[in-house]
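Notes to accompany the following structure.
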Amino acid sequence: MPRKDRPPSFSHPCYWSTWLAIGAMHVAAWLPWRLKLWIGTLIGSLARRFAGRRRRITETNIRLCFPELSEAQQQALVKDTFRANGIGILETATAWCRDPEHLRHRVTFKGQAHMERLQRQGQGALILGMHFSTLDLGAALHSLFFSADAVYRPHNNPLFDRFMGRARQDYFDATLDRFDLRGVVRRIKAGHCVWYSPDQDFGRDASVFAPFFGIQAASVRMTARIARMTGAPVIPLIFHRNPDDRTYTMEYLPPLEDFPSGDEVADATRINAIIEAAIRKHPEQYLWLHRRFKTRPKGEPRFYSR
Numbered sequence: 213m214p215r216k217d218r219p220p221s222f223s224h225p226c227y228w229s230t231w232l233a234i235g236a237m238h239v240a241a242w243l244p245w246r247l248k249l250w251i252g253t254l255i256g257s258l259a260r261r262f263a264g265r266r267r268r269i270t271e272t273n274i275r276l277c278f279p280e281l282s283e284a285q286q287q288a289l290v291k292d293t294f295r296a297n298g299i300g301i302l303e304t305a306t307a308w309c310r311d312p313e314h315l316r317h318r319v320t321f322k323g324q325a326h327m328e329r330l331q332r333q334g335q336g337a338l339i340l341g342m343h344f345s346t347l348d349l350g351a352a353l354h355s356l357f358f359s360a361d362a363v364y365r366p367h368n369n370p371l372f373d374r375f376m377g378r379a380r381q382d383y384f385d386a387t388l389d390r391f392d393l394r395g396v397v398r399r400i401k402a403g404h405c406v407w408y409s410p411d412q413d414f415g416r417d418a419s420v421f422a423p424f425f426g427i428q429a430a431s432v433r434m435t436a437r438i439a440r441m442t443g444a445p446v447i448p449l450i451f452h453r454n455p456d457d458r459t460y461t462m463e464y465l466p467p468l469e470d471f472p473s474g475d476e477v478a479d480a481t482r483i484n485a486i487i488e489a490a491i492r493k494h495p496e497q498y499l500w501l502h503r504r505f506k507t508r509p510k511g512e513p514r515f516y517s518r
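Residue numbers 213 to 518, in the working numbering, belong to the letters of the sequence shown in order.
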């Protein structure tokens with residue numbers, strides 16, 4: 213690997229596989245839709261078979277969150293999850309490498325009046341996003357209707373991070389590091405809408421424990437904290453692929469009332485409940501492959517094997 217004390221040379225052999233992946237994404241973005249679905253399904257099937265660690269994480273999450281399902285139903289949901297996330301890779305390639313205008317006809321947008329009202333008032337907002345497999349495609353298609361900034365986690369691979377960042381700059385006004393609280397607050401106070409997805413485990417120091425699918429989950433304080441510091445409304449945004457695998461629905465829910473409440477646990481519980489309700493409509497499209505319950509309350513056993 214390149215030395216850490218000098219700028220990375222992206223011609224170094226350690227980046228050749230990354231260049232190959234970037235090239236493949238550019239090619240995939242221009243494939244016919246039916247072929248994209250086929251390739252995405254194949255990727256999901258191969259990942260489920262060979263990515264044992266991710267499969268075990270997904271099986272654990274689904275077993276914990278859907279105990280009412282039989283074992284066969286849980287395994288069917290695991291299979292559907294890998295398929296949806298495999299297709300999501302092709303959707304992400306499309307979002308990063310093509311103008312989203314060519315997909316405008318595939319999107320049904322609901323609840324636009326909530327955002328239009330804020331824009332007429334020149335008011336900023338915190339958009340409550342969620343980690344579905346359609347996340348980046350949803351962001352690209354959202355830009356056809358409304359502008360927004362985004363909070364993101366930098367990628368560990370600097371070349372891929374640059375590629376991803378430049379792609380997202382095409383449909384976000386600005387991208388902000390997830391730890392840049394000051395930047396987020398400044399942008400919202402300046403009248404910008406900031407897309408923020410709090411449904412991941414950021415560790416004990418950044419979280420409180422609140423129920424998520426009936427399980428005490430590390431839930432970030434940041435949503436309520438940003439709302440309190442800016443006085444901005446929090447508006448949930450739901451985006452999913454429809455059952456026909458060809459069209460999408462994007463929906464703004466009404467701004468949250470009486471939020472934040474001043475009770476961090478109550479606020480996190482409310483946010484989790486909104487996200488859970490959205491997931492239950494299309495559970496296979498959620499990113500169950502990540503360790504949502506990685507951080508446990510003191511004294512409780514771990515859910516995931518090392």
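Beta carbons are placed, not taken as given, at the ideal position from N, Cα and C, and that holds for glycine.
A quick note: this is a predicted structure, and the numbers were derived from the prediction, not measured.
With distances taken from CA atoms, which of the options is nearest residue i?
| i | options | result |
| --- | --- | --- |
| residue 506 | 335, 516 and 483 | 516 |
| residue 442 | 270, 337, 325 and 232 | 337 |
| residue 280 | 366, 303, 492 and 291 | 492 |
| residue 342 | 232, 450, 421 and 263 | 450 |
| residue 407 | 456, 340, 496 and 306 | 340 |
| residue 471 | 511, 252, 463 and 433 | 433 |
| residue 523 | 475, 494, 488 and 445 | For the chain, the structure presents residues 213 to 518; residue 523 sits outside this window and is missing. |
| residue 412 | 385, 365 and 382 | 365 |
| residue 252 | 264, 430, 384 and 457 | 457 |
| residue 414 | 384, 265 and 390 | 390 |
| residue 488 | 416, 511 and 410 | 410 |
| residue 384 | 221, 511 and 359 | 359 |
Output the distance between the C-alpha atoms of residue i and residue j, rounded to the nearest integer angstrom.
| i | j | result |
| --- | --- | --- |
| residue 331 | residue 357 | 12 angstroms |
| residue 361 | residue 428 | 30 angstroms |
| residue 501 | residue 243 | 26 angstroms |
| residue 267 | residue 513 | 20 angstroms |
| residue 224 | residue 363 | 30 angstroms |
| residue 304 | residue 335 | 30 angstroms |
| residue 375 | residue 271 | 31 angstroms |
| residue 246 | residue 239 | 15 angstroms |
| residue 318 | residue 378 | 25 angstroms |
| residue 322 | residue 316 | 14 angstroms |
| residue 476 | residue 439 | 12 angstroms |
| residue 388 | residue 312 | 22 angstroms |
| residue 241 | residue 306 | 4 angstroms |
| residue 447 | residue 509 | 29 angstroms |
| residue 386 | residue 380 | 9 angstroms |
| residue 233 | residue 333 | 43 angstroms |
| residue 325 | residue 463 | 10 angstroms |
| residue 229 | residue 469 | 48 angstroms |
| residue 503 | residue 269 | 6 angstroms |
| residue 236 | residue 309 | 11 angstroms |
| residue 314 | residue 250 | 20 angstroms |
| residue 519 | residue 227 | Nothing in the structure corresponds to residue 519, since the chain is present only between 213 and 518. |
| residue 436 | residue 277 | 25 angstroms |
| residue 473 | residue 403 | 23 angstroms |
| residue 496 | residue 231 | 30 angstroms |
| residue 460 | residue 287 | 25 angstroms |
| residue 393 | residue 275 | 35 angstroms |
| residue 222 | residue 511 | 45 angstroms |
| residue 320 | residue 264 | 36 angstroms |
| residue 352 | residue 248 | 18 angstroms |
Within 10 angstroms of its Cβ, does residue i collect 16 or more other Cβ (buried), or is it exposed?
| i | result |
| --- | --- |
| residue 354 | buried |
| residue 214 | Any reading at residue 214 is ruled out, since the residue's pLDDT is 48, under 50, leaving its predicted position unreliable. |
| residue 405 | buried |
| residue 452 | buried |
| residue 273 | buried |
| residue 350 | buried |
| residue 445 | buried |
| residue 295 | buried |
| residue 498 | buried |
| residue 466 | exposed |
| residue 284 | exposed |
| residue 262 | exposed |
| residue 431 | buried |
Checklist line | Segments assigned beta strand (DSSP E), at least 3 residues, entirely inside the stretch 349-401 | finding: 361-364 and 387-389
### Message
Quick check on the DSSP output: what are the complete beta strand (DSSP E) runs of length 3 or more inside the stretch 387-467, in order along the chain?
### Response
387-389, 405-408, 419-424, 427-432, 446-453 and 460-464
Assess, as a yes-or-no matter, whether the stretch 253-260 is touched by the stretch 289-296 under the definition of 3 or more beta carbon pairs within less than 8 angstroms. yes
Notebook entry, point to check: Are the stretch 345-353 and the stretch 294-305 touching by the rule of at least three beta carbon pairs closer than 8 angstroms?
Noted result: yes
Query raised in the report: Would you call the stretch 480-494 and the stretch 421-440 in contact, with 3 or more CB pairs under 8 angstroms?
Result: yes
Check your understanding: Is the stretch 395-404 touching the stretch 414-421, taking contact as three or more C-beta pairs under 8 angstroms?
Key -> no
* May I have a chain-ordered list of the beta strand (DSSP E) segments no shorter than 3 residues that lie completely inside the stretch 300-352? => 319-322 and 337-340
Touching or not, the stretch 315-331 and the stretch 366-382, by the rule of three or more beta carbon pairs under 8 angstroms? no
_Going residue by residue through the stretch 229-313, where are the continuous alpha helix (DSSP H) segments of at least 4 residues, counting only ones entirely within it?_
245-262, 264-277 and 283-309
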